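Asker: The structure under discussion is supplied below as structure tokens; questions concerning it will follow.
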Amino acid sequence: MSEPRAKTQIELRGVTRAYGEGDALVRALDDVDLEIRQGDFLALAGPSGSGKTTLLNLVGSIDAPTGGRILFEGTDLGALTDRERTRFRNQRIGFIFQDFNLIPVLSARENAELPLQLLGESSRAERRRASREMLEEVGLGKLAHRLPRELSGGQQQRVAIARALVKRPGVVLADEPTANLDSATAQEILDLMRSFNRSLGTTFVFSTHDPMVMDYARRLVRLRDGKVAAIEEREEE
Ligand SMILES: Nc1ncnc2c1ncn2[C@@H]1O[C@H](COP(=O)(O)OP(=O)(O)OP(=O)(O)O)[C@@H](O)[C@H]1O
Ligand SMILES: [Mg+2]
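As numbered in numbering that gives the first Met the number 0, the sequence shown has no gaps in its residue numbers, which increase by one up to the final residue, 236.
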């Protein structure tokens, strides 16, 4: 018996992102249709230049398509003003990066608190409590006072996961989150992402070159030359 299909959370309809013009025109994404479902644990794979980062940046509304539409929980991202889009992104989307992107002069806890500060909806005490709890959830409760340079790569990525999840976004986008980690640490990071995917129902979309990382995905989208070449559905173990 198959489960009823989870509802669509993000929908790409005929999405194109072109750069340059004339002979120099590059379609980083070329007429892509894709549904991302609530609670997905979805990997984007494909050779260098196939469009993985471009797709993540469009879904995260860091960048805008040159053609087609992106619907995010029914909201057409293209219909928002810049201000609305920034607010939407701050509230609804968490980001994790390959090189962690922590602020070097802030402690682990202060880094994890930043998205709440940007949102400006909670008191200082609430933000402190939420960021401390989040660091405990990623196993860094005792290291909350440390600066990024006093942490290992895996620990820094845990801080980045805490930062991405502290505002409880519906979606976390991660561009090659394990590319700078050894394979044992990469697996710890994936296990942590998957545990949040299961406990909170947060959708995760992550890009990778690594077959071991692809194996963690519940759905694998293979890109080639800016197009979706294949979508593989995996069984839950
Ligand atoms: N700002 C830009 N200006 C021009 N071309 C760009 C720009 N950003 C990306 N591209 C082109 O778009 C295509 C897709 O790039 P993208 O970064 O999405 O690939 P990728 O799959 O993330 O690759 P990688 O695995 O190397 O990270 C490439 O041909 C790239 O050169
Ligand atoms: Mg990339």
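Ideal Cβ positions, reconstructed from N, Cα and C, are used throughout, including at glycine.
Please read all numbers here as calculations on a predicted model, not as lab measurements.
Go through its chain and collect everything with a Cβ distance to Ser-121's Cβ below 6 Å, but skip five positions before and after it.
Answerer: So the qualifying residues of the chain are Leu-115.
Asker: Using C-beta distances below 8 Å, list every residue in its chain close to Ser-49, excluding the 5 sequence neighbours before and after it, in chain order.
Answerer: Excluding residues within five positions, the ones whose Cβ falls inside 8 Å are Leu-222, Arg-223, Asp-224 and Gly-225.
Asker: Give me the DSSP bridge partner(s) of Glu-231.
Answerer: DSSP output for Glu-231 lists Leu-219 as bridge partner(s).
Asker: For Lys-51, verify whether its CB is less than 7 Å away from any heavy atom of ligand 2.
Answerer: Yes, since a heavy atom of ligand 2 falls inside the 7 Å radius drawn around the Cβ of Lys-51.
Asker: For the alpha helix (DSSP H) that contains Arg-84, what are its first and last residues?
Answerer: From DSSP, the alpha helix (DSSP H) with Arg-84 extends over 81 to 91.
Asker: Please determine if the region 86 to 106 and the region 131 to 138 are in contact, where contact requires at least 3 C-beta pairs separated by less than 8 Å.
Answerer: Short answer: they don't touch.
Asker: Which word fits Val-194, buried or exposed, when buried means at least 16 other C-beta atoms lie within 10 angstroms of its C-beta?
Answerer: Looking at the sequence provided, one finds Ser at residue 194 rather than Val. Exposed.
Asker: Would Thr-65 and Thr-15 be called neighbours here (beta carbons separated by less than 8 Å)?
Answerer: It is a contact, given that the beta carbons lie within the stated cut-off.
Asker: What span of residues does the beta strand (DSSP E) with Ile-160 cover, start to end?
Answerer: Element bounds for Ile-160: not the beta strand (DSSP E) but the alpha helix (DSSP H), 152 to 164.
Asker: Within 10 angstroms of the Cβ of Glu-232, are there 16 or more other Cβ atoms? Answer buried if so, exposed if not.
Answerer: Classification for Glu-232: exposed.
Asker: Pairs of beta-carbons, one from the region 139 to 155 and one from the region 26 to 44, closer than 8 Å: are there three or more?
Answerer: Because the criterion of three Cβ pairs below 8 Å is not met, the region 139 to 155 and the region 26 to 44 do not touch.
Asker: As an exercise, report each continuous beta strand (DSSP E) stretch of at least 3 residues that is fully enclosed by the region 0 to 73, in chain order.
Answerer: List check, beta strand (DSSP E) in window: 7 to 18, 25 to 36, 40 to 44 and 66 to 71.
Asker: Applying the 10 Å Cβ sphere with the 16-neighbour rule, what's the burial state of Lys-51?
Answerer: Lys-51 should be labelled buried.
Asker: In chain order, which continuous runs of the alpha helix (DSSP H) of length 4 or greater are located wholly inside the region 90 to 154?
Answerer: List check, alpha helix (DSSP H) in window: 107 to 118 and 123 to 136.
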